[in-house]
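Before any comments, here is the structure.
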Amino acid sequence: MISVVTSNNIRQFAPEMEQAYRLRHQVFVKEMGWTDLDRPDGREIDQFDDAHAVHMLAIERGEVLGYQRMLPTTRPYLLTEVLPQLCDGPAPRSPQVWEWTRYCVRPGHRDRGRMLSPIGSALLTAIVEWGLASDVNQIVIEMNPLWLLRLVQLHFRVTPLGIPQIVGTQETLAVTAAFDERTLERLQAVRESDAPVILEDVPGRGRLAG
């Protein structure tokens, strides 16, 4: 269900990445009011969409229903360069810590109240699957504080990095969220399946994970 797209295979996912950039524009510019990201072509792309970014796409029948992006904290990233006001001290920097950004799900496939949608739970599970396979055990997130309880219930160990601030039109809090095998087991229980969500290989696309 989840395709992992890196600099090694991004050309093979050109149509899907085009959908992802437009979904990002819909969510972050139109819905969340991040007007500084607005572009006349309706695509949301920033300086971090480079060779170091890892994109994760939830694709069904050729349609991108969900998206998220992982950025290494060993390089400049969103918290350090764009949202430093969310962090009271030094921003995390470690090969084991990556930033989770641009999480978005297409309307009609989103969470309902406290219930994670199938797309949302698959994307979260993909982070943990990918992280455990890549020696990553913690993520940095800039998020609505309402996500705190949800992450704790999913067995992420969450630590705030500062106090909430208004970003665009929404209150936003920066946190680190550590995870391990227990987190994966909890997500699998929520999904009622222990089958991997990351597609390891697709004919004609090459290897996706890693």
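Per the numbering used here, residue 5 is the first one in the sequence shown, and the count goes up by one each step. Ideal Cβ placement from N, Cα and C applies to all residues, glycine included.
- Closest option to Tyr81, judged by alpha-carbon separation, among Thr10, Glu196, Asp54, Arg190: Asp54.
- For Asn12, the closest of Leu188, Gln89, Ala57 by C-alpha to C-alpha distance is Ala57.
- Counting only residues of its own chain and dropping the five nearest sequence neighbours on each side, Pro88 has a CB closer than 8 Å to the CB of Ala95.
- In terms of Cβ geometry, Phe52 and Leu83 do not form a close pair [threshold 7 Å].
- Under DSSP, Gln142 takes part in a beta bridge, and its partners are Val101, Ala182.
- In the DSSP assignment, Ile131 falls outside any beta strand (DSSP E) and within the unbroken alpha helix (DSSP H) covering 122-137.
- Rounded to whole angstroms, the separation of the alpha carbons of Asp40 and Ala193 is 39 Å.
- By the 16-neighbour rule on beta-carbons within 10 angstroms, Arg106 is buried.
- CA-to-CA, the gap between His113 and Ala130 works out to about 17 Å.
- Rounded to the nearest angstrom, the Cβ distance from Glu20 to Leu61 is 5 Å, consistent with a contact under 8 Å.
- The closest CA to that of Pro99, considering only Ile63, Tyr71, Val140, is found on Val140.
- Taken through DSSP and simplified to helix, strand or coil, Pro88 comes out as helix.
- Comparing C-alpha distances from Asp184 to each of Gln157, Gln169, Gln142, Glu175 shows the shortest one belongs to Gln142.
- By the neighbour-count criterion, in which a residue is buried when 16 or more other Cβ atoms sit within 10 angstroms of its Cβ, Val132 is buried.
- Counting C-beta atoms within 10 angstroms of its own C-beta, Glu175 has fewer than 16 neighbours from the protein chains shown and is therefore classed as exposed.
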